[in-house]
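Encoded as structure tokens, the structure appears first; notes follow it.
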Amino acid sequence: MRVDLLCSGSKGNCCIIRHKDTQLMIDCGSTKKYLTQAFMQAGVKKKDLDAVLITHTHKDHVAQLKHFRDLPIYSYCDLEDCSQHRIVRPLSQFDVKDIHIRVIGLSHDAPKTVGYVLETSEEKLVYITDTGYIPNHEKKYMENADYYIFESNHDVATLMKTRRPMFVKQRILGDSGHLNNEDASSCLTGLINTNTKKIVLAHLSEEANNPEMALDVLQNTFLKRDLPYTGIDWEAAGQHTITSLGMDLYNE
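Below, the structure is given as structure tokens:
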């Protein structure tokens, strides 16, 4: 499996997953110009995509959906003018060629928001962003993955110091908002196990967070729980940088 997180944040989100002759895209936010450049940099061609997985309908996740409407599109949320729209529901499972996919129901202020767990015969990827919390009954499906792309949106104290209106802050902090650094790290350290190779903290707020804060919280959570972390690679994804992971990177 090769994974290229092309962009991650409030200005756009897009992720490419490739395994053997299967190519999937999760979300298609950002601008057409940026996605075109990122596709070229990552060696991705639209004609090679087998399907698109959509997490929810906020613009930073579907801004460029019109350019992919002719492809099979899987989502729990309602979409318009998609000729091959396939409705999926939380905990449903389906296959796209060589990749097995399970849908994870999330809690966000967009109707029918989901995340995805993608598995091949050798590896497992958990992709979770845009949620106020992780439902306990779904955590078992996310355990012991090889790779986690996981929301760590904000630092609570930094968020409260921003000039955003209080109702916006309350929305972000609520159960239908976004995971903060502490909650994300607490959840991750309860999910990882011996298979885990890499954690990518995603959807960081540019105003209420930064990579250093998010990664420090993650490391401190590992230390508090007396968990070994030296064998796990971790990094924070950027809004306009490509983050790559997966076994296939080492086999090129």
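Here the working numbering = 1-based position in the sequence shown + 4.
Note that the Cβ used here is the ideal one computed from N, Cα and C, for glycine as well.
Range covered by the beta strand (DSSP E) that runs through residue i
i: V204; result: K202 to A206
i: R175; result: Unbroken run through R175 is the alpha helix (DSSP H), M170 to L177; no beta strand (DSSP E).
i: T247; result: T247 to L249
i: Y152; result: Y151 to E155
i: L129; result: K128 to I132
i: M29; result: T26 to I30
i: D237; result: D237 to A240
Sequence-distant residues of the same chain with beta carbon closer than 8 angstroms to residue i, five excluded per side
i: K49; result: F43
i: M164; result: K173
Bounding residues of the alpha helix (DSSP H) (the contiguous stretch that carries residue i)
i: K37; result: K36 to A46
i: S189; result: N185 to L195
i: M146; result: Premise fails: M146 is in no alpha helix (DSSP H) and is neither H nor E.
i: T162; result: V160 to K165
i: H65; result: K63 to V66
i: T225; result: P215 to K228
Sequence-distant residues of the same chain with beta carbon closer than 6 angstroms to residue i, five excluded per side
i: I138; result: C191
i: Y254; result: Low confidence applies to Y254: its pLDDT is 48, below 50, so where it sits in the model is not reliable enough to give any reading.
i: G242; result: none
i: L83; result: H89
i: F98; result: I105
Residues near residue i by beta carbon distance below 7 angstroms, same chain, minus five either side
i: T193; result: T225, F226, R229 and L231
i: R93; result: Y80 and V107
Sheet register partners of residue i (DSSP bridge)
i: H3; result: Only positions 5 to 256 of the chain appear in this structure, which leaves residue 3 out of reach.
i: C18; result: C11
i: I77; result: V56 and H89
i: H244; result: H244 pairs with nothing; no bridge assigned.
i: H23; result: T26
i: G109; result: V118
Selection from the options that minimises the alpha carbon distance to residue i
i: N184; options: K36, I153, G136 and G13; result: G136
i: D25; options: K36, F72, V7 and D54; result: D54
i: T200; options: I105, P76, M251 and R93; result: M251
i: K202; options: N148, L177, S180 and E186; result: N148
i: S189; options: D99, A240, Y145 and T166; result: A240
i: L205; options: K36, I176, H60 and S248; result: S248
i: G181; options: P115, I246 and N140; result: P115
i: Y80; options: D74, D113, S96 and H71; result: S96
i: I196; options: K144, H71 and N214; result: K144
i: D85; options: P215, H71, V118 and E186; result: H71
i: T198; options: R167, H244 and G235; result: G235
i: D187; options: F154, E216, M146 and N214; result: F154
i: T40; options: T59, C11, L57 and Q27; result: C11
i: I105; options: R168, L177, Y78 and T35; result: Y78
i: D102; options: R6, L110 and H141; result: R6
i: T166; options: H244, N213, H60 and E127; result: N213
i: T35; options: D179, Q68 and D99; result: Q68
i: G119; options: I246, L57, S87 and L9; result: L57
i: Y38; options: I91, L9 and K51; result: L9
i: K128; options: D52, Q27, D179 and D150; result: D150
i: T59; options: I132, G13, G47 and I176; result: I132
i: G13; options: W238, Y233 and P215; result: P215
i: I91; options: H141, L177, H112 and T117; result: T117
i: W238; options: G16, Y152, D74 and V100; result: Y152
i: D134; options: G47, N140, D113 and K15; result: D113
**Item:** At least 3 beta-carbon pairs within less than 8 angstroms: the segment 221-230 vs the segment 17-25
**Value:** At 8 angstroms Cβ cutoff, the stretches do not touch.
**Message:** Between the segment 157-175 and the segment 208-216, can you find at least three pairs of beta-carbon atoms closer than 8 angstroms?
**Reply:** The segment 208-216 vs the segment 157-175: in contact.
**Request:** Flag this pair as touching only if the segment 161-173 and the segment 119-136 have three or more C-beta atom pairs under 8 angstroms; answer yes or no.
**Result:** Cβ pair count under 8 angstroms is below three, so no.
**Any 3 or more C-beta pairs closer than 8 angstroms across the segment 24-35 and the segment 61-76** = Enough Cβ pairs lie closer than 8 angstroms, so yes.
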